Structure formats: structure tokens, C-alpha cells
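FYI, the numbering for the sequence shown is 2 to 191, going by the numbering used here.
As C-alpha cells, the structure follows; a few thoughts come after it.
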Amino acid sequence: MHPLSMVLLGLAMSTDAFAAAIGKGATLQRPRLTEALRIGLLFGTIEGLTPVLGWLLGLGAAQYITAWDHWVAFALLVGLGLHMIRNGLAPAADDPDAPSARRPGFWGLAATGLATSIDAMAVGVGLAFLDVNIAAVAGVIGLCTLVMVTLGILLGRVLGRMAGQRAEVVGGAILIVIGAVILCEHLSAG
Numbered sequence: 002m003h004p005l006s007m008v009l010l011g012l013a014m015s016t017d018a019f020a021a022a023i024g025k026g027a028t029l030q031r032p033r034l035t036e037a038l039r040i041g042l043l044f045g046t047i048e049g050l051t052p053v054l055g056w057l058l059g060l061g062a063a064q065y066i067t068a069w070d071h072w073v074a075f076a077l078l079v080g081l082g083l084h085m086i087r088n089g090l091a092p093a094a095d096d097p098d099a100p101s102a103r104r105p106g107f108w109g110l111a112a113t114g115l116a117t118s119i120d121a122m123a124v125g126v127g128l129a130f131l132d133v134n135i136a137a138v139a140g141v142i143g144l145c146t147l148v149m150v151t152l153g154i155l156l157g158r159v160l161g162r163m164a165g166q167r168a169e170v171v172g173g174a175i176l177i178v179i180g181a182v183i184l185c186e187h188l189s190a191g
């Protein structure tokens with residue numbers, strides 16, 4: 002996988018975590034950099050591990066569908082991209098936690114990090130059908146998520162939910178483009 006594709010994939014995978022971080026940041030009163038980094042590290046670690054898990058699951062199925070692998074990757078990325086765009090365009094529901102300035106706990110943050118990383122696991126399944134260095138891809142996804150979540154926490158009070166939703170739309174569009182590029186590369190090579 003081309004390094005630029007890895008970075009774009011990492012950014013796309015981190016947009017839903019960025020949106021969640023903006024929401025969390027909006028609920029905190031003056032979040033500190035250390036707190037934002039701690040939350041970013043937690044989200045980045047989870048987001049970096051889930052594509053590896055998906056990749057391992059995909060390897061188990063790879064022998065059955067290797068002739069259609071590029072179509073599987075394309076379908077997964079486009080499906081996830083469309084889902085992210087739909088979520089980003091949906092009207093924001095009021096968060097019952099919004100008025101609270103209470104600091105988020107570890108398990109609540111870990112659950113949010115896991116929920117926002119399910120798409121990365123599905124991308125990992127699709128990557129199992131391609132010739133990629135999963136450790137490099139997972140590292141880039143985790144690093145992008147760490148940075149995006151840290152920024153999202155710090156910018157949450159300023160940006161609010163609107164920017165978070167738009168970020169998810171952009172991330173979904175990036176996934177669709179990556180899926181189309183993978184399909185075009187495989188079809189033109191064959």
C-alpha cells in the first residue's frame with residue numbers, strides 16, 4: 002500500500018474518533034493537554050489494534066475468496082464510507098452528558114474508543130485480501146487517531162458537534178475513494 006494511501010486511510014479511520022473527541026471535549030471545562038493526550042493515546046491504541054484483529058479474521062477467510070478480494074475490499078470500504086457519510090449528515094442528537102463537566106472515566110472512554118474503531122476492524126478484514134504491511138497500516142491508523150483525538154478534545158469547546166459531523170463525512174468520502182483506487186488498481190493489473 003502506498004504511504005499516502007496509508008495516511009489517508011489513517012485519517013479516514015480517525016474521523017469518527019475525532020467527532021467523538023469533539024463531543025467529549027465540548028463537555029469538559031478547559032481540558033488540559035495531558036488529559037487530551039491520555040484520551041488520544043487510549044483511542045489511538047484501540048484504533049490501531051482493531052484493524053490487526055480484522056486482518057487476522059480476514060486471513061482466515063482469504064483462501065475462500067482470493068479471486069474476488071479486490072471486490073470485497075471495495076465493497077467494505079464503500080459501505081463503511083457511505084455509513085460514515087450518513088452518520089455525518091444525520092442531525093445531531095442531544096447528548097444527555099453534555100451539560101456535565103465531569104471528567105470521563107477509563108472504561109467509558111475505552112467503550113467509546115472501541116465503538117469508534119469497529120470500522121477499522123472491518124477495514125482490517127478488507128486489507129487481509131491485499132498485499133499490505135498490516136503493522137505499518139495499523140501504526141499509521143493508531144497515530145492518526147492519537148493526534149486527531151487529542152486535537153478533538155482540545156478543540157471540542159470551540160468546534161462543537163458540527164465540525165465533528167463534517168469530519169465524519171470527509172472520512173467516509175476518503176474511504177470510498179480508497180476503495181475505488183484499490184478496485185481500479187486490481188482491475189487494471191488484471
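We treat Cβ as the ideally placed atom computed from N, Cα and C, and that holds for glycine.
Since the structure is predicted, the reported quantities are computational estimates derived from the model, not experimental observations.
- Where do the N-terminal and C-terminal ends of the alpha helix (DSSP H) with Asp120 fall, by residue? Here residue 120 corresponds to residue number 119 of the sequence shown, with the count starting at 1. Secondary structure note for Asp120: its alpha helix (DSSP H) is the uninterrupted segment Ile119 to Leu128.
- Under the three-state DSSP convention, the category Leu131 falls into: The sequence position of residue 131 within the sequence shown is 130, counting from 1. DSSP places Leu131 in the coil class of the three-state scheme, outside both helix and strand.
- Considering only residues of the same chain and omitting the five flanking positions on each side of His84, which have a CB-CB separation below 8 Å? Within the sequence shown, residue 84 is the residue found at index 83, counting from 1. Correct list, in chain order: Asp120 and Gly173.
- Task: Go through its chain and collect everything with a Cβ distance to Gly26's Cβ below 7 Å, but skip five positions before and after it.
- Result: Locating residue 26 in the sequence shown gives position 25, where the first residue counts as 1. Cβ-Cβ distances below 7 Å link Gly26 to Pro32, Gly153, Ile154, Leu155, Leu156, Gly157 and Arg158 in the same chain, with the five nearest sequence neighbours on each side left out; the list follows chain order.
- Message: Restricting to Cα atoms, I'd like to know which of Leu115, Phe130 and Ala62 is closest to Gly180.
- Response: Sequence index remark: in the sequence shown, residue 180 carries index 179 (1-based). Answer by Cα proximity: Phe130.
- Residue range of the alpha helix (DSSP H) that Trp69 falls in? Locating residue 69 in the sequence shown gives position 68, counting from the first residue. Per DSSP, Trp69 is not a residue of any alpha helix (DSSP H), being assigned neither H nor E.
- Under 7 Å between C-beta atoms of Ile40 and Val150: Here residue 40 corresponds to residue number 39 of the sequence shown, with the count starting at 1. Here residue 150 corresponds to residue number 149 of the sequence shown, with the count starting at 1. Taking 7 Å as the Cβ cut-off, Ile40 and Val150 qualify as a contacting pair.
- Task: Could you tell me if the beta carbon of Leu77 falls within a distance shorter than 6 Å of some heavy atom in the ligand HEM?
- Result: Absence of the ligand HEM from the depicted structure is noted, as is the absence of any ligand whatsoever, leaving it without description.
- Message: What would DSSP say about Ala37, mapped onto helix, strand or coil?
- Response: The residue labelled residue 37 in the question sits at position 36 within the sequence shown. Reduced to three states, the DSSP call for Ala37 is helix.
- Query: Nearest to Ala128 by alpha carbon, out of Ala190, Val53, Val178 and Pro4?
  - Reply: Along the sequence shown, read from residue 1 onward, the residue named residue 128 stands at position 127. The amino acid at residue 128 is misidentified as Ala; the sequence shows Leu. Across the set Ala190, Val53, Val178 and Pro4, the C-alpha of Val53 shows the shortest separation from the C-alpha of Leu128.
- Task: To the nearest angstrom, report how far apart Tyr65 and Val73 are at their CA atoms.
- Result: Numbered from 1 along the sequence shown, position 64 holds the residue referred to as residue 65. Numbered from 1 along the sequence shown, position 72 holds the residue referred to as residue 73. For Tyr65 and Val73, the distance between alpha carbons rounds to 12 Å.
- Query: Distance, Cα to Cα, Leu12 vs Val171?
  - Reply: In the sequence shown, the residue the question calls residue 12 occupies position 11. In the sequence shown, the residue the question calls residue 171 occupies position 170. Approximately 10 Å between the Cα atoms of the pair.
- Message: So, for Met7: in the same chain, excluding its five sequence neighbours on each side, which residues have a beta-carbon less than 7 Å away from its beta-carbon?
- Response: Counting from 1 along the sequence shown, the entry for residue 7 is found at position 6. The residues Ala137, Val138 and Val141, in chain order, have a CB closer than 7 Å to that of Met7 in the same chain once the five nearest residues on each side in sequence are set aside.
- Item | Span separating the alpha-carbon of Ala18 from that of Trp56 | Numbered from 1 along the sequence shown, position 17 holds the residue referred to as residue 18. Numbered from 1 along the sequence shown, position 55 holds the residue referred to as residue 56. Inter-residue distance for Ala18 and Trp56 is about 20 Å (C-alpha atoms, whole angstroms).
- Item | Beta-carbon separation (whole angstroms), Val124 vs Leu10, contact threshold 8 Å | Sequence index remark: in the sequence shown, residue 124 carries index 123 (1-based). Sequence index remark: in the sequence shown, residue 10 carries index 9 (1-based). Confirmed, Cβ separation roughly 7 Å.
- Item | Nearest-angstrom Cβ-Cβ length linking Leu43 and Ala116, presumed shorter than 8 Å | Start at 1 with the first residue of the sequence shown, and residue 43 comes out as number 42. Start at 1 with the first residue of the sequence shown, and residue 116 comes out as number 115. No, Leu43 and Ala116 are not in contact; Cβ-Cβ is about 13 Å, not under 8 Å.
- Select from Glu36, Ile183 and Ile175 the residue whose C-alpha is nearest the C-alpha of Gly106. Residue mapping note: residue 106 aligns to position 105 of the sequence shown, counting from 1. Comparing Cα positions, the closest option is Glu36.
- Message: For a test of the three-state rule: what should DSSP assign to His187, helix, strand or coil?
- Response: By one-based count along the sequence shown, residue 187 stands at place 186. In the structure shown, His187 falls within a helical segment according to DSSP collapsed to helix, strand and coil.
- In whole angstroms, what is the alpha-carbon distance linking His187 and Thr113? What you label residue 187 is simply residue 186 of the sequence shown in a count that begins at 1. What you label residue 113 is simply residue 112 of the sequence shown in a count that begins at 1. One C-alpha to the other measures close to 35 Å.
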